[in-house]
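Colleague:
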Amino acid sequence: MKEDATDRLAGAFGKLIALRFGKTIRELEPDAVVPIPMHVWRRLSRRANPPVSLAATIGRQLGLPVETNLLSWQRDTSAQLGLSQQGRFRNMRDVMRVRPGYRLDAPRLLLVDDILTTGATCSEAARVLKRSGAAEVSVVVVGRTPIV
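Heads up, the sequence shown is in the numbering used here, so the first residue is 12 and it goes up one at a time.
#1: Under the assumption that D124 contacts V106 (Cβ atoms under 8 Å), give the Cβ distance between them as a whole number of angstroms.
#2: Leaving out the 5 sequence neighbours to the left and right, which residues in its chain are closer than 8 Å to L127 when beta-carbon positions are compared?
#3: Using three-state DSSP, classify E40 as helix, strand or coil.
#4: Buried or exposed: N80, going by 16 or more other Cβ atoms within 10 Å of its Cβ?
#5: So is V45 in contact with chain D if we call contact Cβ pairs under 8 Å?
#6: Have a look at G70 and N60 and give me their C-alpha separation to the nearest angstrom.
#7: Identify the continuous beta strand (DSSP E) that holds I126 and give its terminal residues.
#8: What does the alpha-carbon distance come out to for the pair L65 and P46?
#9: Among G112, R19, W84 and V148, which has the Cα closest to the Cα of T68?
#10: Which partner residues does E147 have in the DSSP bridge list?
#11: Helix, strand or coil: which one does DSSP assign to L82?
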């Protein structure tokens, strides 16, 4: 998925998530779907942005608004690959923010990412969203990898 510049695979996974877990997601009553952002340099080098494609497909399938620009990176980070769990959480600390101009009045948000390893990226995004006013943040991912 990270190398598929057409985002077809991410779209297919988004449809599968909506079909399999749509009822559960609707029961969470999310006000919006929010993809994990990707730093601009990483996005340019990969040419694919699976979290955005997943979020767009899930939102479209379930009739939920998608806020692709709500979160942004404040600075680039080193690659997570090879970092310990503590190193990953340290690497993610204070790298995201809610973009200026967005006001969160206690919404319930569905955060979307492609792969979850330690949870450092999703945890940081949820922390930033909650600190900015989100009432609840739930997370959906395509896959969960073991820490190696």
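Just so you know, even glycine gets a beta-carbon here, dropped at the ideal spot from N, CA and C.
Modeller: Quick answer:
#1: For the purposes of this step, residue 124 is identified with residue 113 of the sequence shown, where counting begins at 1. For the purposes of this step, residue 106 is identified with residue 95 of the sequence shown, where counting begins at 1. Contact check for D124 and V106: beta-carbon distance about 14 Å, past the 8 Å limit, so the pair fails to qualify.
#2: The residue labelled residue 127 in the question sits at position 116 within the sequence shown. These residues qualify, in order along the chain: C133, V150, V152, G154, R155 and T156.
#3: Position 29 of the sequence shown holds residue 40. If DSSP states are grouped into helix, strand and coil, E40 belongs with coil.
#4: As a working note, residue 80 is residue 69 in the sequence shown. With fewer than 16 other Cβ atoms within 10 Å, it is exposed.
#5: No chain D is part of this structure, which consists of one protein chain only.
#6: Taking the sequence shown and counting its residues from 1, the one referred to as residue 70 is at position 59. Taking the sequence shown and counting its residues from 1, the one referred to as residue 60 is at position 49. Put simply, the backbone Cα of G70 is about 16 Å away from that of N60.
#7: Locating residue 126 in the sequence shown gives position 115, counting from the first residue. Counting along the chain, the beta strand (DSSP E) containing I126 begins and ends at R119 to L127.
#8: Sequence index remark: in the sequence shown, residue 65 carries index 54 (1-based). Sequence index remark: in the sequence shown, residue 46 carries index 35 (1-based). Each residue's CA atom was taken as its position, placing L65 and P46 some 8 Å apart.
#9: Numbered from its first residue, the sequence shown carries residue 68 at position 57. Nearest to T68 by alpha-carbon distance, out of G112, R19, W84 and V148, is R19.
#10: Start at 1 with the first residue of the sequence shown, and residue 147 comes out as number 136. DSSP output for E147 lists R119 as bridge partner(s).
#11: Taking the first residue of the sequence shown as 1, we reach residue 82 at position 71. L82 falls in the strand class under three-state DSSP.
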